[in-house]
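This report concerns only the one structure given below.
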Amino acid sequence: MEEYGMKLLSMKLILIFFLFSTPVIVKGEGGQYFRVRPRNSSVQEGRDVTISCEVGNRVGIVQWVKDGFAYVIQSNGEIVGHPRLRLIGDQSTGVYNLQITQASLTDDGEYQCQVGPYLRIKSIRANAHLTVISPPQKVEISNHPNKKKIEVKVGESRRLECVVRSAKPAATITWYRGNIQIKGGETSITPISIEGDKEVQKPGENKKELLKYDTHGSIVIVPTADDNDMDYTCEANHPALPYSMPLRATIKLSVFYPPTMPYIEGYTEGETVKRGQQLDLTCRSRGGNPPPQIFWYKNSERISSPYRNEGHFSENVLSITAKAQDNNARYRCEVFNIMSVEPLKVHVDLTVLFAPSGVTITGPTEAKADEQVVITCTTENSNPPADIKWTVDGHNFESNASRTEPAPEGGWITTSNVTFNINRTSRSIVVICDASNVKLTENVVRTHTITVIYPPSKLSITGYEEGTTIDAGTVLRLLCTATSGNPLATLSWYKNDRKVPGTTRTRDHAVSSELTILINASDNNARIRCEAANSATQIPLLKVLVLKVNFPPDKVKITREPQNLHAGQEGRIICESSSSNPAAEMSWWKGGIPVQGTKNGTKPGLHGGFLSFVELSLDVTEEMNGEVYTCQARNNQMDRSIHDATTLDVLYKPIFSSIEPYELIGMESEPFVISVSAMGNPNEISYTWTRDGLPLVSNNRRISVRASTLNITKLDRHDAGTYICEATNEEGTTFYQLNLTVQYSAKIKRTSTSGIVYSPGIEAKLFCEVDGSPIGDEYVTWQKVGSNSELSGRYSTSFINKTSYLHIENPDQEDVGEYQCKVNNGIGNVTSEPILFITNFKPQMMNTPLTRRAAANKGANVQLLCKARGSPLPRFSWTFNGKTLLPNVTEHKYGITHTDLSELISNSTLTIFRVTSHDYGKYECRATNKMGQSTDMIHLDVTSPPDKPSDLEVFNVTHDSVTLVWKRGFDGGLPTSYQIRWRQALDYEHRYHYLDVSAGEYKTTITGLSLGTYYVFSVKAINEKGDSGFLPDLVKVQTLRPNNAENLPDVLLEKGDFTMNYIYTFAATSLIFFIINIFIIVLWYIMRKRNKSRINKSQTADMYAPSTVNGDTMTGELSSVSDEKSDVNFDTNDYVVSAISQYVLSNK
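Under mature numbering (1 follows the signal peptide of the UniProt record, and there is no 0), the residues of the sequence shown are numbered -28 to -1, 1 to 1120, in order.
Structural data, given as structure tokens:
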């Protein structure tokens, strides 16, 4: 059906086109023809193309056909179903060009411009082929994707493959080595089906497959060293690619190949160099990839020297300074990389000429006269060998023997000897060795001196006279002098045959040595010896002296007997000094005072001195522990002494430090720590705690014991008792007793039973059993509920066994009520539940003015209430017009109920059903018990308007609201609501605001008031019979003002310098305001005086209770007592004066 519709639409469009396209045939013209025929063309995919077709003398219908499919052309040139195709040109002139925009592969095909026949004029048609070409999308080296460079070895064949993708027609491939084209290679083309092209073929078009082509090409290369870093490029050629922008893929080769044979520059083998000459040997090699490594070797030992690679060259420069060891040394260079089978080598052998750097002369340096000596001279290595010449004491000498031998470091070593006798007349002989290198004309000279020797003649010591004494600590300087001798004598000092150093000085033909000694105790009787010797002496000259020294003791030693001192026993302390010369004087000191009663003695000591000792006997006590005794040893000859001290370590059993007070007090549920301390020696003391004779264990969760500390984490009242701490050390045991009292809050355990009736005239007793710590009569008080005064007179209290008793003597009606006992021991404050005390008394009526009145309409039911108090509980009876009313006697007229409200109060309700005019009047209610009776009258009337409320008071005030409370009046027997009215407290203000209050509500809040403004308030009651009328506007109150600067208007908070105009204006305004106030006060006083006789003094009394301000709200009471027949208005001054008056009155 859809296809039929399309055909119908096509026929209609052809018909319309025919009608619009049919030209007017001019009679006598020729046949239609192509003025411009369509031509074959090509277009790149995505671009626009136009196929030309111009018709001359057109009379037939023009249409375009592609591959045998005719396009449906609309009158505006658009082609149905082919939005990218359009007929363009001026059709009136015969131009019917076909324009294709954004050509796609589906547009590729055979196009025909057709002109239909008309009458006898034949149709004409012309063909043109449109080829749509598509440039390649990508070219890549397919077997090395995503690589810019590949590594190959020289001579190793390698295939490079290239792919040019998605082209139409298929692209061709050209290979380049660098910029030079490479011939040959293999190429293949693979068609690729294109799915999802821009357009799908329309129904009716010839179905053909859409294809693009991938071109695959490859070449095989055998790289050489010249291919290193060479680019190989695959270039795609295609008619859609501009010549200036070819599509290419390039890959670079890294060809591995070995380096060339190295060579050495800087030295030619056979040249000679001198020692110390600088030499640069350069080893170079060309090529090689990767760049080669170059190393130097000297005699097969590798030398550290950096090499560098630059371009196609690699080199290593070895800088050396020629040495003797370099003579005949072989320097070898080796070059290699990973492509080398073995390193490439080249070498040079050096020849180095050098003179000897020095000579060595060996032989004696001293000799006696006429003695024969042999001197030897040996050269350092030399190339060629050196010649040696001798000079002795200024004369040339021939060598006795000379020889030459190779040196291990290179070159030759020459050795020569010379022999001669020492001249008796000479003090010294100089020998010279001269070694020279003939080729280098260089020589080395060395001298050797021989000294002629003989012994010294005299030796002496000065600085100490034998037989005298010197004090230890003195510096002693001894001088030993030796004269003559060659060489001068060597002086040596000895102390007790032990060599000690001295300071030697030489002067002319004498030598002296000074010995400095710091004299100490060991120098007493010491032997000091000085010896003089030179190379000519066989036995040294010597001098000896003996020292005498005074020295003090250097230490004292203190011992105790016995070693451990125990309190209550006897002991001794003994002090012995070290050696002293003369003997030291010994003494004991305590606190800077010498101790008497000591025993002294001496005996021989070290270094020829004497040992001294002193002994002190002690009666040991505990107090002596830690006392310090000082021992002094004094050398009176030297006026020097030494001291040492000992601290007595007295062992004793523990002693407790007292704790005040002994009675410890803790609070229940609080932590409590008892800590005592005991001192003893030894100080390792163990503690044991007991309570009431039983030991305390430390594994209790609440009570823990740690040494001398008892920690109770949470006191319990049962923890009270006697605690004993037992302290024990090795010397014994001591006990310490503590009493713990636990205080806890008071509580009431039991009280008298409430509601018991006590006989009148007989003493009654209420009890209150309490518990707590502390507790006693002074912590318990009794009070009567509702009474602020203390119980006295017939009341008394007693306290026995934690129970407080309240005694009431001869109880009567006044004593009836609830009593409470209150216990407060400073920790807890508890008040008992009320205890109702009852004694018999006759009934008391408890009706109020409101309950004494009742009202009801005829036919309605009404209840009359009657309440009385008495013991026993009263019973009620009702009487009307002298007759006792009984319920349910006749026609169910009356109903009477009785309710006991408490142990003392009963209530009776009389219900009158279907009220008639005969029921109005006064009803008598009688309450009776065994103690007597009481009556009261209840008045029943018809319904009426309500009475006025009373006691209108201010309950609360804020900055914008006032809360009022009041008491209701008689409601007239009907539901009653209320209405509040208010206005600003101004004489000229008579407009009121009103607020209705629902029935049963006696409190309301008026909101929306102004800040800090005075208002007057009134209230009235309303029922269906009428209203009570408003109370006088006597309740007056001011809303709160701001209580801090934050609530003030901004203009009041601004600070700054006012101009004088502002100051003058403010002053004038204030003055005017003050005058007006004075005038108002005077006027008010006159008016008040005139009206004084008219206004009752009891009309108004404003009482202001003290107020407490909490934030914005003032709580307090404003009470008003008003005369209902008066209506007095107060202005602001009224309020101020009244408030002042009330304040003065209340404070008199």
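Even for Gly, the Cβ is constructed at its ideal location relative to N, Cα and C.
Contact check, residue i vs residue j, beta carbons under 8 Å
i, j, result
"residue 583", "residue 646", "no"
"residue 570", "residue 588", "yes"
"residue 208", "residue 104", "no"
"residue 328", "residue 351", "yes"
"residue 287", "residue 256", "yes"
"residue 957", "residue 992", "no"
"residue 846", "residue 883", "no"
"residue 605", "residue 528", "yes"
"residue 446", "residue 491", "yes"
"residue 337", "residue 422", "yes"
"residue 296", "residue 382", "yes"
"residue 951", "residue 923", "no"
"residue 95", "residue 87", "yes"
"residue 180", "residue 139", "no"
"residue 581", "residue 613", "no"
"residue 132", "residue 204", "yes"
"residue 307", "residue 227", "no"
Reference residue i; option with closest CA among the options
i, options, result
"residue 116", "420, 224, 70", "224"
"residue 735", "427, 782, 14", "782"
"residue 431", "227, 513, 445, 931", "513"
"residue 525", "577, 560, 541", "577"
"residue 18", "73, 542, 253, 233", "73"
"residue 466", "498, 271, 765", "498"
"residue 533", "234, 877, 572, 592", "592"
"residue 165", "478, 182, 683", "182"
"residue 442", "954, 481, 518, 265", "518"
"residue 719", "742, 737, 725", "742"
"residue 914", "898, 936, 890, 160", "890"
"residue 309", "649, 330, 233, 128", "233"
DSSP bridge partner residues for residue i (one or two, in chain order)
i, result
"residue 789", "809"
"residue 870", "880"
"residue 451", "434, 486"
"residue 77", "Paired residue(s): none; residue 77 is not in a bridge."
"residue 801", "796"
"residue 715", "639"
"residue 421", "402"
"residue 152", "149"
Spatial neighbours of residue i in its chain, beta-carbon cut-off 6 Å, leaving aside the 5 residues before and after
i, result
"residue 538", "623"
"residue 452", "433, 463, 485, 502"
"residue 376", "357, 384, 386"
"residue 348", "334, 389"
"residue 229", "126, 197, 261, 311"
"residue 654", "701, 702"
Other residues of its chain near residue i: CB distance less than 8 Å, five sequence neighbours each side excluded
i, result
"residue 772", "none"
"residue 932", "979, 980, 981, 982, 983, 1011"
"residue 859", "866, 867, 868"
"residue 281", "263, 264"
"residue 1016", "Since pLDDT at residue 1016 reaches only 47, below the 50 mark, its modelled position is unreliable, and no value is offered."
Same chain, Cβ closer than 7 Å to residue i, five either side skipped, listed in chain order
i, result
"residue 461", "428, 454, 483, 504, 505, 506"
"residue 707", "696, 698"
"residue 766", "780, 781, 782"
"residue 917", "944, 995, 997, 998, 999, 1000"
"residue 251", "238, 239, 245, 292, 294"
Supposed contact pair residue j and residue i - C-beta distance, whole angstroms, cut 8 Å
i, j, result
"residue 853", "residue 838", "Not a contact, Cβ separation roughly 17 Å."
"residue 843", "residue 788", "7 Å"
"residue 836", "residue 895", "6 Å"
"residue 12", "residue 100", "5 Å"
"residue 27", "residue 6", "6 Å"
is_contact[residue i, chain D] using C-beta, thresh 8 Å
i, result
"residue 976", "Considering every chain present, this structure includes no chain D. It has just one protein chain."
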